[in-house]
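Protein chains in written order, with numbering that gives the first Met the number 0: chain A, 0 to 188; chain B, 0 to 195.
The beta-carbon is built from N, C-alpha and C at its ideal position, and this holds for glycine as well.
Data block below; observations after.
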Amino acid sequence: MSKDNEQYSDQNQSKEKKKKKVTLLIGIVVLIAILLMIIRSCSSDPVAPVERNDPIARPGVGEVLDGDLPNMSDEQIREYLKKKQDASLFTTAVNAEATFETGSNVLNLMVANPEKNSVDCYFEIVDAGEVIYTSPLLKPKQYIQSAELSKVLSEDINKLIVRYNEVYQDNIIGVVEVAIQAVNKSKGV
Amino acid sequence: MMKSMLKKFTVSAMLMTMLLSSAVASAADQTIDPENGSTIDVSGTADSTIIVVTTPTALAFAIDPNSPAPFTSVPATVTNGTYAPIDFQILGIISEPGTSVKVVDQSMHIDQEWQGLGKAATESQIALGIKGVSNGTTIWSPAESDGVTPSTVAGTIKLEPNSTEDIMVDAKHGNAWGSAKTLNYKLYTRVALTEN
């Protein structure tokens, strides 16, 4: 009987030892799991969406396109600029010297809108900052050979400016000036 | 008797004519001899020169603030179709209506300051000039003023008779652009026969 009791207590002891071992093992596993969870939650590297089973919140709506941002290449930019700049080229054709008679306000001056221009123009004659004549509109391949000024020129030699205004769709799109001189023909200067 | 008189008169007339013609000839010889200091009147006519110049009147450039070299411009050709030398004078550059970035004096900021301009300054200030491609010198536009057309010569590019010269836009600007902008400017130039 005492032998049975001893055997029984031995079995109990070994069972308890096993229980303790299992509990310890479970405790260690749980501890490792908790540690792993803490480490993962602290990590900056997010979990890839494909590895997640949970659905991610949609950040917004819109069309997503493949590729880099669509910019013009350097060459395309240069071509565009060249085209735009060349379209603004304008040609002047003016006599460097105009003539007038004493006491007359008529200036003999040839001013043309040459054929190679693609836009209409009108011109102004400027004397010391004052506009003294404004021409009618000239189409390409048209010219004017005299101008009736708003005043009589007083000096024998006058420095004048012929200011071309390029016109496209009722807007002035460009301005070019030509410096000329007006000479009193009566005095034979 | 009458016949002999007529003969004498005819002979005398012929002699007189010969004498006179030789006198005129000798006088003419004297006039064209360059050695004796005589003067010769020479007359001629010269028509007024027609100034024919082709020039761009609009500027085109691009700014990519995301590039190490943000400013891009391309050459434009100025053609002197006159058979005389021409002064191509830059008067100034002004912004078109609707362009908020105004032309200011290039000396308003030193180069480092231009690069460091904030958004407000970037979107309101730019310095523009015209550079001669052959000599690389930039003629900077004076600052624009509201309603004032440029009339003072900022600089001159000489054009030989019947020749061409390439020019291009030069600029100083900030890089803090909040949004894409279309910038339009008008170039004011004057051409004249070279004075000297």
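Q. Around the Cβ of residue 167/B, are there at least 16 other Cβ atoms within 10 angstroms (buried) or fewer (exposed)?
A. buried
Q.
For a minimum of 3 consecutive residues, which ranges assigned as the beta strand (DSSP E) are wholly contained in the region 105 to 179 of chain A?
A. 105 to 112, 119 to 126, 129 to 133, 141 to 147, 156 to 167
Q. Exposed or buried, what is residue 11/A when buried is set at 16 or more other beta-carbons lying within 10 Å of its beta-carbon?
A. exposed
Q | Cβ shell of residue 195/B (< 6 Å), same chain only, five flanking positions each side left out | A | none
Q) Does DSSP put residue 58/B in a helix, in a strand, or in coil? A) coil
Q) If you measure beta-carbon to beta-carbon, which residues of the region 36 to 65 of chain B are closer than 8 Å to chain A? A) 47, 48, 49, 50, 51, 52, 53, 54, 55, 56, 57, 58, 59, 60, 61, 63
Q: Using a Cβ-Cβ cut-off of 8 Å, state whether residue 190/B counts as contacting chain A.
A: yes
Q: Check distances from the C-beta atoms of the region 78 to 90 of chain A to those of chain B and list, in chain order, the residues that come in under 9 Å.
A: 78, 79, 80, 81, 82, 83, 84, 85, 86, 87, 88, 89, 90
Q.
Taking 8 Å as the threshold (beta carbon to beta carbon), is residue 194/A in contact with chain B?
A. One cannot answer for residue 194/A here, as it falls past the ends of chain A, which runs 0 to 188.
Q) Does DSSP classify residue 16/A as helix, strand or coil? A) helix
(Q) Could you check whether the Cβ of residue 56/B sits closer than 7 Å to any heavy atom belonging to the ligand FAD? (A) Absence of the ligand FAD from the depicted structure is noted, as is the absence of any ligand whatsoever, leaving it without description.
Q) Residues in its own chain within less than 6 Å of residue 169/B by CB, not counting five upstream and five downstream? A) 128, 130, 137
Q.
Could you check whether the Cβ of residue 84/B sits closer than 8 Å to any Cβ belonging to chain A?
A. no
**Q.** Range covered by the alpha helix (DSSP H) that runs through residue 76/A
**A.** 73 to 85
Q) From 185/A, 147/A, 128/A, 171/A, pick the residue whose C-alpha is nearest to that of residue 158/A; which is it? A) 128/A
**Q.** Any C-beta of chain A under 8 Å from that of residue 25/B
**A.** Its pLDDT being 43, under 50, residue 25/B is placed unreliably in this model, and the coordinates cannot settle the point.
Q: Quick one: residues in its chain with C-beta nearer than 6 Å to the C-beta of residue 98/A, no 5 flanking neighbours on either side, listed in chain order?
A: 107, 182, 184
Q) Does DSSP put residue 132/B in a helix, in a strand, or in coil? A) coil
Q. Between residue 87/B and residue 155/B, which are expected to be in contact by the criterion C-beta below 8 Å, what is the C-beta distance as a whole number of angstroms?
A. 7 Å
Q) Just to confirm, are residue 78/B and residue 52/B a CB contact at a threshold of 8 Å? A) yes
Q: Would you kindly work out how many angstroms separate the C-alpha atoms of residue 193/B and residue 157/B, rounded to a whole number?
A: 8 Å
Q. Which residues mark the beginning and the end of the beta strand (DSSP E) in which residue 86/B is found?
A. 85 to 94
Q. Do you know how far the Cα of residue 40/B is from the Cα of residue 144/B?
A. 56 Å
Q. Can a CB atom of chain A be found closer than 8 Å to the CB of residue 118/B?
A. no
Q) In three-state DSSP terms, what is residue 184/A? A) coil
Q) Relative to the C-alpha of residue 63/B, which residue among 102/B, 182/B, 92/B is closest? A) 182/B
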